[in-house]
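Asks: Okay, here's the structure, questions in a sec.
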Amino acid sequence: MSLATLPSGPPSPPRAAPATPAGRLWRRVRWWLPGVIVVLLLGATSFLLTLSESQERAALQDQLITDSLWVRQSLQFQLEREAEALSLIAADVGAGQLGRAALEARLQVFLRRGRESLEVVLLDKGAPSLAVLAHDTASAGLDPFSAVPSAVLEGALARATREGEPVFGPPFATPWGAALVLVAPVKAGSPRFLVAVYWLERVLEEMVPWTFAQSHEVTIGDVTGTVRARRASAGRGRGVYTHQVPLEVAGTTLLLGTNSLRGPPDWITNTIRGGTVALALLLFWSLWALWRDVQRRVAAETRLREEVAFRRAMGDSAVIGLRARDLDGRVTFVNPAFCRMVGLPEESLVGRGPPMPYWTPELMDEYRRRVDQVLSGQASSAPFETVFRRADGTRFPVVIYDAPLRDGDGRQVGWMSSILDVTEEKQAEERERLQQERLQAAGRLATMGEMASSLAHELNQPLGAITSYLAGSLNLIERGGASADDLAPALAKASQQAQRAGQVIRRVHEFVRKREPQRAAVDPTRLLEDCRALAELQARRTGTRVSVEVDPATPAILGDAVMLEQVLLNLSRNGIEAMAEVDPGRRVLVMSARPGEGGGACLAVRDHGTGIPPEAAARLFSPFFTTKPDGMGMGLSICRSIVEAHGARLAFVAMDLGTEFRIQFPPP
Ligand code: ADP
277 MSLATLPSGP PSPPRAAPAT PAGRLWRRVR WWLPGVIVVL LLGATSFLLT LSESQERAAL
337 QDQLITDSLW VRQSLQFQLE REAEALSLIA ADVGAGQLGR AALEARLQVF LRRGRESLEV
397 VLLDKGAPSL AVLAHDTASA GLDPFSAVPS AVLEGALARA TREGEPVFGP PFATPWGAAL
457 VLVAPVKAGS PRFLVAVYWL ERVLEEMVPW TFAQSHEVTI GDVTGTVRAR RASAGRGRGV
517 YTHQVPLEVA GTTLLLGTNS LRGPPDWITN TIRGGTVALA LLLFWSLWAL WRDVQRRVAA
577 ETRLREEVAF RRAMGDSAVI GLRARDLDGR VTFVNPAFCR MVGLPEESLV GRGPPMPYWT
637 PELMDEYRRR VDQVLSGQAS SAPFETVFRR ADGTRFPVVI YDAPLRDGDG RQVGWMSSIL
697 DVTEEKQAEE RERLQQERLQ AAGRLATMGE MASSLAHELN QPLGAITSYL AGSLNLIERG
757 GASADDLAPA LAKASQQAQR AGQVIRRVHE FVRKREPQRA AVDPTRLLED CRALAELQAR
817 RTGTRVSVEV DPATPAILGD AVMLEQVLLN LSRNGIEAMA EVDPGRRVLV MSARPGEGGG
877 ACLAVRDHGT GIPPEAAARL FSPFFTTKPD GMGMGLSICR SIVEAHGARL AFVAMDLGTE
937 FRIQFPPP
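Here my numbering is used: the first residue of the sequence shown is 277, the next is one more, and so on.
Pasting the structure below:
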């Protein structure tokens with residue numbers, strides 16, 4: 277999180293409401309509730325599907341039963357008609373109304389009505405003879421009658437004799453399939469019978485309606501339940517919807533079985549069930565994803581809260597004033613340090629736009645310019661120094677650092693400023709400056725002290741000359757007759773010498789006087805010439821020659837002439853002292869001015885002395901470093917601080933003989 281998102285206004289970070297026991301329970305339950313609801317929904321759907329499936333099954337089963345009964349009825353009716361038709365023919369045979377040819381013709385008609393009857397045989401039990409009277413064309417080569425088991429035939433014959441009615445025997449197996457016999461007595465008590473053999477598969481083919489056979493497998497079995505014939509023209513039944521019904525015909529009972537080709541209504545139910553499960557799983561997954569997302573958000577929110585609290589604590593504990601402004605310059609945030617600094621409460625600052633209550637009236641224009649610059653994005657990131665006003669009217673210096681304030685997307689939403697109260701620093705700076713000034717003045721006094729004897733000597737000359745001139749003049753006056761013309765040249769010379777002495781004293785006074793630094797353009801030639809007089813005073817003791825070299829191209833220097841003189845004098849004194857031990861012929865001090873690096877002036881003081889030993893070089897500018905028994909070690913340290921106060925650099929270069937100290941000024 278960036279500070280950009282710090283909320284403005286009351287300083288309480290957002291906190292989660294404390295959880296009550298009921299709230300905690302609800303929080304735990306609310307994640308399970310949707311899952312439980314989904315499971316219940318799944319159960320309810322499954323139950324409804326099962327219910328509707330079983331209802332559908334029941335309806336289809338009922339339909340099958342109805343259809344089976346109808347088929348049974350149809351079969352019963354047709355088989356009874358067979359029996360009836362055969363019994364009519366038998367009756368005609370019994371009445372002796374039919375010759376053999378006529379009988380055969382009638383039987384042929386009988387057989388041709390359907391493909392299920394294969395053969396009709398006239399059987400005489402009295403004189404066992406067998407007369408095959410008629411065959412169906414389909415029975416060629418089968419010899420159906422001989423396939424009839426004798427037990428079946430006997431049973432049927434006995435029953436027909438007993439009842440005097442045509443009867444069917446139970447179904448039986450033959451090499452070509454299942455078959456059935458129909459026995460019709462020719463006359464009551466007569467040992468003659470008409471026996472018809474039926475092919476049971478054909479019975480099913482001919483007598484079961486085609487539409488029913490299309491959707492069902494139909495079987496005929498005997499009472500023991502053994503299936504004897506089957507019609508499965510459209511395929512085997514699925515065993516889901518089945519029914520068995522007894523088919524009672526004269527003389528025997530058959531079992532009619534039906535087995536629907538229809539399977540259970542699986543795919544619809546399964547599809548719905550599968551779809552529901554898939555949807556439930558999807559729902560679970562989306563719930564889980566939602567839960568994960570919420571967890572992540574909760575974690576992020578917690579982190580955010582901690583971060584806000586952390587940042588707020590940071591802002592609250594900072595000793596630097598913090599202030600955020602929006603793009604219109606309105607204050608959106610201030611920290612306690614800033615409030616303390618300006619002595620105003622947060623409420624009276626947040627939401628305010630310029631002019632701010634802590635602006636000092638005399639600097640209004642400067643503030644406005646700065647605000648405009650900052651808001652238009654032209655302000656540099658460099659610190660900005662100004663003065664603020666406390667609520668009690670006192671002023672204090674501040675340094676302001678402005679930085680753009682961005683939101684989470686990196687868009688700038690305002691400005692963040694750190695404000696530093698630099699009152700103490702300013703006071704320390706002022707103290708330091710005064711200290712430096714005092715030190716420099718002391719340095720100058722010390723220099724003068726050292727030069728006192730030379731000065732006395734310097735002053736002695738004009739004073740001696742004045743004394744001589746005045747003594748001469750007095751002599752003339754005492755002798756009498758001295759005219760004003762005689763006295764005038766001597767007095768003029770005395771006055772000249774007095775002026776010279778006054779000049780020396782003024783210069784010394786000027787040099788030593790404690791004064792405020794004054795910056796002005798300093799001519800290098802003038803500076804070096806002024807210095808030469810004082811340097812020569814120092815040089816006289818050791819018989820050192822002072823030479824001044826000025827390159828006319830040297831630019832002017834911006835600075836304080838007296839201070840620069842102090843530096844040059846210090847350097848020349850050091851140079852002169854460094855040459856005290858060398859051959860007198862080498863004792864030449866060169867003060868020079870020339871154009872330096874980057875176009876600024878370069879002043880140099882060069883000696884031909886002993887040079888600086890390497891172990892001394894590193895500590896040369898440290899205060900109190902000296903190699904001289906009576907040295908203070910402050911000279912170079914003061915020189916450097918004066919030079920740096922001018923924005924210049926002081927350095928030294930070892931030469932073949934001696935050292936050159938250089939002051940490099942910035943371009944004017
Ligand atoms: P002081 O002159 O009182 O010793 P300074 O700060 O002026 O203090 O000088 C510090 C030391 O630097 C001197 O003691 C001397 O050893 C060395 N020094 C300064 N200038 C020169 C020079 N031109 N040649 C050799 N040594 C020098």
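Where a beta carbon is used, it is the ideal one built from N, C-alpha and C, also for glycine.
Applying the 10 Å Cβ sphere with the 16-neighbour rule, what's the burial state of G690?
Replies: Here residue 690 corresponds to residue number 414 of the sequence shown, with the count starting at 1. By the 10 Å Cβ count, G690 comes out buried.
Asks: Please report the straight-line C-alpha distance between A679 and A832, rounded to a whole angstrom.
Replies: What you label residue 679 is simply residue 403 of the sequence shown in a count that begins at 1. What you label residue 832 is simply residue 556 of the sequence shown in a count that begins at 1. Cα to Cα, the separation comes out at about 40 Å.
Asks: So for M724, helix, strand or coil by DSSP?
Replies: In the sequence shown, counting from the first residue as 1, residue 724 sits at position 448. The answer is helix: DSSP assigns M724 an H, G or I state.
Asks: Going along the chain, which unbroken runs of the alpha helix (DSSP H) with 4 or more residues stay wholly within the stretch 731-807?
Replies: The stretch 731-807 contains these whole alpha helix (DSSP H) runs: 760-788.
Asks: Could you tell me which residues DSSP pairs with M692 in its beta bridges?
Replies: Residue numbering aside, residue 692 sits at position 416 when the sequence shown is read from its first letter. According to DSSP, M692 bridges with A600 and A679.
Asks: Measuring from the CB of F787, is there a heavy atom of the ligand ADP at a distance below 8 Å?
Replies: Position 511 of the sequence shown, counting from 1, holds the residue named residue 787. Not so, every heavy atom of the ligand ADP lies at least 8 Å from the Cβ.
Asks: Taking Cβ to Cβ, would you say A432 is nearer than 9 Å to V457?
Replies: Locating residue 432 in the sequence shown gives position 156, where the first residue counts as 1. Locating residue 457 in the sequence shown gives position 181, where the first residue counts as 1. Going by C-beta atoms, A432 is nearer than 9 Å to V457.
Asks: In whole angstroms, what is the alpha-carbon distance linking G511 and V503?
Replies: Here the question's residue 511 lines up with position 235 in the sequence shown. Here the question's residue 503 lines up with position 227 in the sequence shown. Rounded to the nearest angstrom, the two C-alpha atoms are 17 Å apart.
Asks: Mapping the DSSP letters down to three states, classify M908 as helix, strand or coil.
Replies: Taking the first residue of the sequence shown as position 1, residue 908 is located at position 632. Coil at M908, not helix or strand.
Asks: In this structure, how does DSSP classify F941 when only helix, strand and coil are distinguished?
Replies: By one-based count along the sequence shown, residue 941 stands at place 665. Looking at F941 - three-state DSSP - the assignment turns out to be coil, as it is neither helix nor strand.
Asks: Helix, strand or coil for Q814? Go by DSSP, reduced to three states.
Replies: Numbered from 1 along the sequence shown, position 538 holds the residue referred to as residue 814. In the structure shown, Q814 sits in a helix (DSSP, three-state: H, G or I).
Asks: Opposite H519 in the DSSP bridges: which residues?
Replies: Stepping through the sequence shown from its first residue, residue 519 is reached at position 243. Answer is T534, bridged to H519.
Asks: Report the residue ranges of all beta strand (DSSP E) runs contained in full by the stretch 850-875; include only those spanning at least 3 residues, in chain order.
Replies: Entirely contained in the stretch 850-875, the beta strand (DSSP E) runs reaching 3 residues are, in chain order, 864-871.
Asks: Looking only at its chain, what residues have a beta carbon closer than 6 Å to the beta carbon of A829, apart from the 5 residues adjacent to it on each side?
Replies: Here residue 829 is taken as the residue at index 553 of the sequence shown, counted from 1. Excluding residues within five positions, the ones whose Cβ falls inside 6 Å are P871.
Asks: Is DSSP giving Y474 helix, strand or coil here?
Replies: As a position in the sequence shown, residue 474 is number 198, starting the count at 1. Reduced to three states, the DSSP call for Y474 is strand.
Asks: Quick one: residues in its chain with C-beta nearer than 6 Å to the C-beta of L933, no 5 flanking neighbours on either side, listed in chain order?
Replies: Within the sequence shown, numbered from 1, the residue matching residue 933 stands at position 657. Hits under 6 Å: H884.
Asks: Using a Cβ-Cβ cutoff of less than 6 Å, which residues in the same chain neighbour Q373 once the five nearest sequence positions on both sides are dropped?
Replies: Working through the sequence shown from its first residue, we reach residue 373 at position 97. If we look at Q373 and ignore the five residues flanking it on each side, it has no Cβ neighbours.
Asks: With hydrogens ignored, establish whether the beta-carbon of D883 is closer than 8 Å to any heavy atom of the ligand ADP.
Replies: Here residue 883 corresponds to residue number 607 of the sequence shown, with the count starting at 1. Indeed, a heavy atom of the ligand ADP lies less than 8 Å from the Cβ.
Asks: Would you call A930 buried or exposed, if buried means 16 or more other Cβ atoms sit within 10 Å of its Cβ?
Replies: The count along the sequence shown starts at 1 and reaches residue 930 at position 654. That one is exposed.
Asks: Nearest-angstrom Cα distance between P297 and R304?
Replies: To locate residue 297, count along the sequence shown from 1; it is residue 21. To locate residue 304, count along the sequence shown from 1; it is residue 28. About 11 Å.
Asks: Around the C-beta of P442, are 16 or more other C-beta atoms found within 10 angstroms, so that it is buried, or is it exposed?
Replies: Residue mapping note: residue 442 aligns to position 166 of the sequence shown, counting from 1. With 16 or more Cβ atoms within 10 Å of its Cβ, P442 is classed as buried.
Asks: Name the residue from M867, V838 and Y634 whose alpha carbon lies nearest to the alpha carbon of D827.
Replies: Taking the first residue of the sequence shown as 1, we reach residue 827 at position 551. For the residues M867, V838 and Y634, the minimum Cα distance to D827 belongs to M867.
Asks: As a quick exercise: from G591, R665 and V424, pick the residue whose alpha carbon is nearest that of A613.
Replies: Within the sequence shown, residue 613 is the residue found at index 337, counting from 1. Out of G591, R665 and V424, G591 has the C-alpha closest to the C-alpha of A613.
Asks: Alpha carbon to alpha carbon, how far is L362 from Q490?
Replies: Counting from 1 along the sequence shown, the entry for residue 362 is found at position 86. Counting from 1 along the sequence shown, the entry for residue 490 is found at position 214. Going from the Cα of L362 to the Cα of Q490 covers about 31 Å.
Asks: Output the distance between the C-alpha atoms of L804 and L715, rounded to the nearest integer angstrom.
Replies: Position 528 of the sequence shown, counted from the first residue, corresponds to residue 804. Position 439 of the sequence shown, counted from the first residue, corresponds to residue 715. Their Cα atoms are separated by approximately 23 Å.
Asks: Grab the span of the beta strand (DSSP E) containing S898 for me, first residue to last.
Replies: For the purposes of this step, residue 898 is taken as residue 622 along the sequence shown, with counting starting at 1. Run containing S898: none; DSSP gives neither H nor E here.
Asks: Which residue comes first and which comes last in the beta strand (DSSP E) that contains G887?
Replies: Along the sequence shown, one-based indexing puts residue 887 at 611. Careful: G887 lies outside any beta strand (DSSP E) and carries neither H nor E.
Asks: May I have the straight-line CA-CA distance separating I753 from S744, to the nearest angstrom?
Replies: Residue 753 sits at position 477 when you count from the first residue of the sequence shown. Residue 744 sits at position 468 when you count from the first residue of the sequence shown. Going by the C-alpha atoms only, they are around 14 Å apart.
Asks: Between Q384 and V369, what straight-line distance do the alpha-carbon atoms span, to the nearest angstrom?
Replies: Residue mapping note: residue 384 aligns to position 108 of the sequence shown, counting from 1. Residue mapping note: residue 369 aligns to position 93 of the sequence shown, counting from 1. Approximately 15 Å between the Cα atoms of the pair.
Asks: To the nearest whole angstrom, what separates the beta carbons of A943 and G875, a pair I think is in contact under 8 Å?
Replies: On the sequence shown, position 667 is the one that residue 943 refers to. On the sequence shown, position 599 is the one that residue 875 refers to. It should be pointed out that residue 943 corresponds to Pro in this sequence rather than to Ala. About 4 Å; that satisfies the 8 Å criterion.
Asks: Is the distance from the Cβ of V347 to the Cβ of V397 below 9 Å?
Replies: Along the sequence shown, read from residue 1 onward, the residue named residue 347 stands at position 71. Along the sequence shown, read from residue 1 onward, the residue named residue 397 stands at position 121. Cβ atoms of V347 and V397: not closer than 9 Å.
Asks: Rounded to whole angstroms, what's the CA-CA distance from A280 to V663? Just pull it up for me.
Replies: On the sequence shown, position 4 is the one that residue 280 refers to. On the sequence shown, position 387 is the one that residue 663 refers to. Its pLDDT being 41, under 50, A280 is placed unreliably in this model, and the value from its coordinates should be taken loosely. The alpha-carbon atoms of A280 and V663 are separated by roughly 27 Å.
Asks: Give me the Cα-Cα distance between F444 and S426, rounded to the nearest whole angstrom.
Replies: As a working mapping, residue 444 is identified with position 168 in the sequence shown. As a working mapping, residue 426 is identified with position 150 in the sequence shown. Using only the alpha carbons, I get a separation of about 14 Å.
Asks: Closer than 8 Å: is that where the CB of F937 sits relative to any heavy atom of the ligand ADP?
Replies: Position 661 of the sequence shown, counted from the start, is the residue given in the question as residue 937. Yes - the ligand ADP has a heavy atom lying nearer than 8 Å to the Cβ of F937.
Asks: To the nearest angstrom, how far is the alpha carbon of G402 from that of S466?
Replies: Residue numbering aside, residue 402 sits at position 126 when the sequence shown is read from its first letter. Residue numbering aside, residue 466 sits at position 190 when the sequence shown is read from its first letter. Their backbone Cα atoms lie some 9 Å apart in a straight line.
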